[in-house]
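For the sequence shown, UniProt numbering assigns the number 1 to the initial residue and increments by one for each residue that follows. For each residue, glycine too, the CB sits at the ideal point set by N, CA and C. These notes are about the structure you will find just below.
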Amino acid sequence: MTIASPVERLLKFEEYLAYDDGTNDRYELVRGRLLLMTPPTVRHLLIAKFIERILDAEINRLKLALVALREAGVQTEVDSSRLPDVCVVTEEQVSELMDRTAVFRVPARLAVEIVSPSSIKRDYEEKPPEYANKGIPEYWIVDPMKNQVTVCLLINGGYESTVFIGTQQIVSQIFPELVVTAEQILTSR
């Protein structure tokens, strides 16, 4: 869920990285405008935690040079940065930002968004072209309201989507051996 910020002046990306309004509020930067992120529901948090945990397990099992992170930013345009609920980046990307603001300028390998009532348009319509233009090869849209997980694969500059429901096993290019169903993700079990 987001609320438009009262800040009227457009921010540059570098200003966003240093932005501190004295609160613990989190913001996305969209074409220079700050969008306040409202606190998520407990269900949202549990789904994000579950996804991070299963991806971490797969990364460790296969000894991949990847890291799954919650709450890290991804620069999508010159003056835009999104905050996917979970993203997967390389260990090299993590090393480069170890002691700096966790906003990755190079494409993540995977971005995951968990849909809330206020983020439907953003997660389904606004973020896919931004993530595709950035070159993020895989984007998951986890939708608890529709009880589905949509996996979007970057093909020829755009995403091709496959919807998974119930006990259907998620098919991922980034994690081809991953064994998890849509139902497991949506119930966090």
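Legend entry - Distance, asparagine 24 Cα to proline 137 Cα: 31 Å
Inset, instruction - May I have the straight-line CA-CA distance separating glutamate 130 from leucine 83, to the nearest angstrom? - result: 12 Å
Inset, instruction - Report the residue ranges of all beta strand (DSSP E) runs contained in full by the segment 118–171; include only those spanning at least 3 residues, in chain order. - result: 138–143, 148–155, 158–165
Inset, instruction - Going by CA-CA distance only, name the one from Glu160, Gln148, Gly158 that's closest to glutamine 169. - result: Gln148
Legend entry - CB of alanine 48 within 8 Å of CB of aspartate 85, strictly: yes
Legend entry - Coil, strand or helix - threonine 187 by DSSP: helix
Inset, instruction - Classify serine 80 as helix, strand or coil using the three-state DSSP reduction. - result: strand
Legend entry - Beta-carbon proximity list for arginine 105, same chain, < 6 Å, skipping 5 on both sides: Gln75
Legend entry - Contact check, valine 142 vs serine 80, beta carbons under 8 Å: no
Inset, instruction - Quick one: using the 10 Å Cβ neighbour count with 16 as the cut-off for buried, is leucine 69 buried or exposed? - result: buried
Legend entry - tyrosine 16, DSSP secondary structure in three states: helix
Inset, instruction - Could you spell out where the alpha helix (DSSP H) holding leucine 55 opens and where it closes? - result: 42–62
Legend entry - Pick from Ala18, Met37, Tyr19 that is closest to arginine 26, judged by C-alpha positions: Met37
Legend entry - Per DSSP, cross-strand counterpart(s) of valine 89: Val67
Inset, instruction - Can you give me the Cβ contacts of lysine 12 inside the same chain, cut-off strictly under 8 Å, excluding the 5 residues immediately before and after it? - result: Gly32, Asp79
Legend entry - Selection from Met145, Lys146, Glu126 that minimises the alpha carbon distance to tyrosine 139: Glu126
Inset, instruction - Determine the DSSP secondary structure at alanine 111, reduced to helix, strand or coil. - result: strand
Inset, instruction - Mark threonine 150 as exposed unless 16 or more other C-beta atoms lie within 10 angstroms of its C-beta, in which case mark it buried. - result: buried
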